[in-house]
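Asker: Quick one: the structure is below, questions incoming.
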Amino acid sequence: NSRSMKKMFFPGLFTLVICITAALPLNAQYRDIDTDGPGYGENCTTIMVGKLASTDGSVMTSHSCDGNYRTWLEIFPSAKFEKGVMHPVYMNMLHSESSKDMTKVTKKGEIPEVAETYAFLNTAYPCLNEKQLAIGETTIYGREDLINEEGMFYIEELQKIALQRCRTAREAIALIGKLAEEYGYADLAECITIADPKEVWQLEIAGSGKGKGKPSALWCAQRIPDDHVGVCANIPRISVINFNDNANFMYSTDLQKNAKKLGYWDGNEPLKFWKVINDKKPFAIREYYILSTLAPSLNLSFEAEELPFSVKPEKKLSPRDVMKYFRETYEGTQWDMTKNLVVTVKEKDKDGKETEKQVKSPVANNWMSNDLRNLLNELKPGVAERQRTVAISGCSYSHVIQCRDWLPDEVGAVAWFSFDNPGQSPRIPIFSGTLSLPASFLICGQPGYRTDAAIWSFREANRLSTVNWSKGRLLIEPAVKEFEDKGFTELPEIEKKVVELVKDGKNDEAKKYVTAYTNSFAYSAIGKWEEMKVTLWGIFGRGF
Numbered sequence: 447n448s449r450s451m452k453k454m455f456f457p458g459l460f461t462l463v464i465c466i467t468a469a470l471p472l473n474a475q476y477r478d479i480d481t482d483g484p485g486y487g488e489n490c491t492t493i494m495v496g497k498l499a500s501t502d503g504s505v506m507t508s509h510s511c512d513g514n515y516r517t518w519l520e521i522f523p524s525a526k527f528e529k530g531v532m533h534p535v536y537m538n539m540l541h542s543e544s545s546k547d548m549t550k551v552t553k554k555g556e557i558p559e560v561a562e563t564y565a566f567l568n569t570a571y572p573c574l575n576e577k578q579l580a581i582g583e584t585t586i587y588g589r590e591d592l593i594n595e596e597g598m599f600y601i602e603e604l605q606k607i608a609l610q611r612c613r614t615a616r617e618a619i620a621l622i623g624k625l626a627e628e629y630g631y632a633d634l635a636e637c638i639t640i641a642d643p644k645e646v647w648q649l650e651i652a653g654s655g656k657g658k659g660k661p662s663a664l665w666c667a668q669r670i671p672d673d674h675v676g677v678c679a680n681i682p683r684i685s686v687i688n689f690n691d692n693a694n695f696m697y698s699t700d701l702q703k704n705a706k707k708l709g710y711w712d713g714n715e716p717l718k719f720w721k722v723i724n725d726k727k728p729f730a731i732r733e734y735y736i737l738s739t740l741a742p743s744l745n746l747s748f749e750a751e752e753l754p755f756s757v758k759p760e761k762k763l764s765p766r767d768v769m770k771y772f773r774e775t776y777e778g779t780q781w782d783m784t785k786n787l788v789v790t791v792k793e794k795d796k797d798g799k800e801t802e803k804q805v806k807s808p809v810a811n812n813w814m815s816n817d818l819r820n821l822l823n824e825l826k827p828g829v830a831e832r833q834r835t836v837a838i839s840g841c842s843y844s845h846v847i848q849c850r851d852w853l854p855d856e857v858g859a860v861a862w863f864s865f866d867n868p869g870q871s872p873r874i875p876i877f878s879g880t881l882s883l884p885a886s887f888l889i890c891g892q893p894g895y896r897t898d899a900a901i902w903s904f905r906e907a908n909r910l911s912t913v914n915w916s917k918g919r920l921l922i923e924p925a926v927k928e929f930e931d932k933g934f935t936e937l938p939e940i941e942k943k944v945v946e947l948v949k950d951g952k953n954d955e956a957k958k959y960v961t962a963y964t965n966s967f968a969y970s971a972i973g974k975w976e977e978m979k980v981t982l983w984g985i986f987g988r989g990f
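Heads up: the sequence shown begins at 447 in the working numbering, then just goes up one per residue.
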């Protein structure tokens, strides 16, 4: 009958479409980016933790680079320069295949070089230097009429220069603001979250508008209170600026005058920065979910006009707590996209009596493609209501960075780095003193499948696991935990050894030591995911 036919057809078709969409070329999967609502982008998430809000006193920032961005990374070395040397400023490095690939890169201009620069971890959005300065990023889009492509700087270049030249968050904010105002900011509106071992800030920046004189920038930075946690996910969040509070706010020259001149502030109400650079509600599901679960007693409402800029968590956060948020798909909550994807199964009780019950489909997961979700909703409207989860399969890489003032710089900051979907991949510790990375880290895996690019060691197993997530997760999730356990169990001994080496004046040896550990850890993680890939092919390769 038709009812039994639907029972057979629906789960089988579901499985078939998952297999097809998992095999699509990367460009097809990433071509269109969905939104939380009209005009809301969905590229990255960043979470910030003040030192009194963390379990160990570390300051944290983080970043998920969601979208089709380069996955190669390197340790860019420190350098010394003669007077008069100029520093080139580029655009389009976000899609290069290696550090030497300049085929699509354009030189926008140049600025005077400094006498000496710091080494830094050069990810698509550069994130950590050897002095424990760390940066996360999320594009906040903003008003289109503020974009001025005649400006020199894109955000990733400003991050790079700040990491090369600065030691503290305040220094970085001041330098970024100065350069953007002097040479012009050309990018979409951006948020970068800047941490050092003492504090963490949120900086939001936009252009000054095309045809409105010399290219400049509108920007504001607000400090996250030491006992608070903040989050930003593609939407500007800085609200009322206290222009008399230099301890917690920094902002562009003549911000009030320029905001009024542009017509985005009436000069009477308190100046809310998010309203100046954007015209949308200043939060969506990711900000709401994270802040409301951190401080449930605040009874935050998704219907509110605004949420607090940051909240004091009811329980302090460890780095592993932040990592858990980056794995978040809202599973088991009202926003779980798979909650209605159930199938009827038969089972026998202890007496041999056969009964039927409904269970979640074994192939259901919260990383369904748009095409699959559309198909399911065509078959039964509303069965798979879309939500923007924190963890997405279209993530290029992510990191959670700790900055710790009680440890020497060689080991004080650690970027817990992950390729691909943060909900499925292990985190590899890369320290502020790390000197080099495995060769496979230096190659981008986005243009196509290649075995010499590290990301594919993780991506292939991760995608295969979603063919039947109820089985695949039994391999993936324990392996993620295994490497987290390994890192946090071994870290105290690594730190102790480095402290002893630095105390004896053996700073170079300390850097070599953490470099060896980072590389060994990375090779172990790659080997594990390669092993699981083979296992998963054995399980799913024959079909059902």
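Ideal Cβ placement from N, Cα and C applies to all residues, glycine included. None of the values given here were measured: they were computed from a predicted structure.
Buried or exposed for T699, please, with buried defined as at least 16 other CB atoms from any protein chain shown within 10 angstroms of its CB.
Answerer: exposed
Asker: By the three-class DSSP mapping on this structure, what secondary structure does N998 have?
Answerer: Any question about residue 998 goes unanswered here, given that the chain covers just 447 to 990.
Asker: Just reading off the beta strand (DSSP E) that W647 is part of, what are its end residues?
Answerer: V646 to G653
Asker: Taking C-alpha atoms, which residue in A570, N914, I889 and V913 lies nearest to S903?
Answerer: I889
Asker: Just checking, does the region 840-854 make contact with the region 866-883 on the three C-beta pairs under 8 Å criterion?
Answerer: yes
Asker: Could you name each continuous beta strand (DSSP E) segment of 3 residues or more that falls completely within the region 667-724, going from the start of the chain to the end?
Answerer: 675-678 and 695-697
Asker: Quick check on A618: does DSSP put it in helix, strand or coil?
Answerer: helix
Asker: Looking at the unbroken beta strand (DSSP E) that takes in N568, where does it start and where does it end?
Answerer: F566 to N568
Asker: At what residues does the beta strand (DSSP E) containing I593 begin and finish?
Answerer: Neither: I593 is in no beta strand (DSSP E) and is coded neither H nor E.
Asker: Round the Cβ separation of L609 and Y536 to the nearest angstrom and send it over; I've been treating them as touching at under 8 Å.
Answerer: Contact flag wrong, Cβ pair sits at about 15 Å.
Asker: For T981, which of helix, strand or coil comes out of DSSP?
Answerer: helix
Asker: Quick check on D478: buried or exposed, where buried means 16 or more other Cβ atoms within 10 Å of its Cβ?
Answerer: Residue placement at D478 is poorly supported in this model, since its pLDDT is 36, which falls under 50; the coordinates are not used for a value here.
Asker: What does S844 pair with, by DSSP beta-bridge criteria?
Answerer: Paired residues: S510 and S864.
Asker: Exposed or buried, which one is C678 when buried takes at least 16 other CB atoms within 10 Å?
Answerer: buried
Asker: Could you compute how far the alpha carbon of V857 sits from the alpha carbon of K803?
Answerer: 53 Å
Asker: Between which two residues does the alpha helix (DSSP H) containing M494 stretch?
Answerer: M494 -> not in any alpha helix (DSSP H); beta strand (DSSP E) instead, spanning C490 to V495.
Asker: I think A907 touches W975, with their Cβ atoms under 8 Å apart; what is that distance to the nearest whole Å?
Answerer: 5 Å
Asker: Using 8 Å as the Cβ pair cut-off and three pairs as the minimum, do the region 695-711 and the region 762-774 touch?
Answerer: no
Asker: Specify the secondary structure class of E521 as computed by DSSP and reduced to three states.
Answerer: The amino acid at residue 521 is misidentified as Glu; the sequence shows Ile. Strand at I521.
Asker: Can you say whether S654 is buried or exposed, counting buried as having 16 or more other CB atoms within 10 angstroms of its CB?
Answerer: buried
Asker: Less than 8 Å between the CB atoms is what I'm expecting for Y734 and L708, so what's the real figure, rounded?
Answerer: Between L708 and Y734 the Cβ distance is about 29 Å, and since that is not below 8 Å, they are no contact.
Asker: Return the first residue and the last residue of the beta strand (DSSP E) that Y536 is part of.
Answerer: M532 to M537
Asker: Go through the region 793-861 residue by residue and report every complete run of the alpha helix (DSSP H) that reaches 4 residues or more, in order.
Answerer: 816-825 and 855-858
Asker: So G597 packs on P661, CB below 8 Å; how close in whole Å?
Answerer: 4 Å
Asker: According to DSSP, is L881 helix, strand or coil?
Answerer: coil
Asker: Just mark P471 as buried or exposed, buried being the case when its beta carbon has 16 or more other beta carbons within 10 Å.
Answerer: Below a pLDDT of 50, predicted positions are generally treated as unreliable, and P471, at 36, falls in that range; the measurement from the model is reported next regardless. Burial call: exposed.
Asker: Leaving aside the five residues before and after V560 along the sequence, list all residues of the same chain whose C-beta is less than 6 Å from its C-beta, in chain order.
Answerer: Within its own chain, the residues whose Cβ lies closer than 6 Å to the Cβ of V560, once the five positions on either side in sequence are excluded, are R611, listed in chain order.
Asker: Any idea what DSSP makes of Y895, helix, strand or coil?
Answerer: coil
Asker: Run the CB neighbour count on N688, radius 10 Å, all protein chains shown included, and call it buried at 16 or more, exposed below.
Answerer: exposed
Asker: In this structure, how does DSSP classify E976 when only helix, strand and coil are distinguished?
Answerer: helix
Asker: Can at least three beta-carbon pairs, one atom from the region 926-941 and one from the region 551-560, be found at a separation below 8 Å?
Answerer: The region 926-941 is not in contact with the region 551-560.
Asker: I believe R850 touches A859 by the beta-carbon criterion, under 8 Å. Please report the beta-carbon distance rounded to the nearest angstrom.
Answerer: Indeed, because the Cβ distance is near 7 Å, the residues count as touching under 8 Å.
Asker: Please tell me whether G513 and N489 are closer than 7 Å, where the distance is taken between their beta carbons.
Answerer: yes
Asker: In whole angstroms, what separates the C-alpha of M506 from that of F863?
Answerer: 13 Å
Asker: Per DSSP, what kind of secondary structure is I640 in: helix, strand or coil?
Answerer: DSSP places I640 within a strand segment (E or B) once states are collapsed to three.
Asker: Can you tell me where the alpha helix (DSSP H) with G918 in it begins and where it stops?
Answerer: W915 to K949
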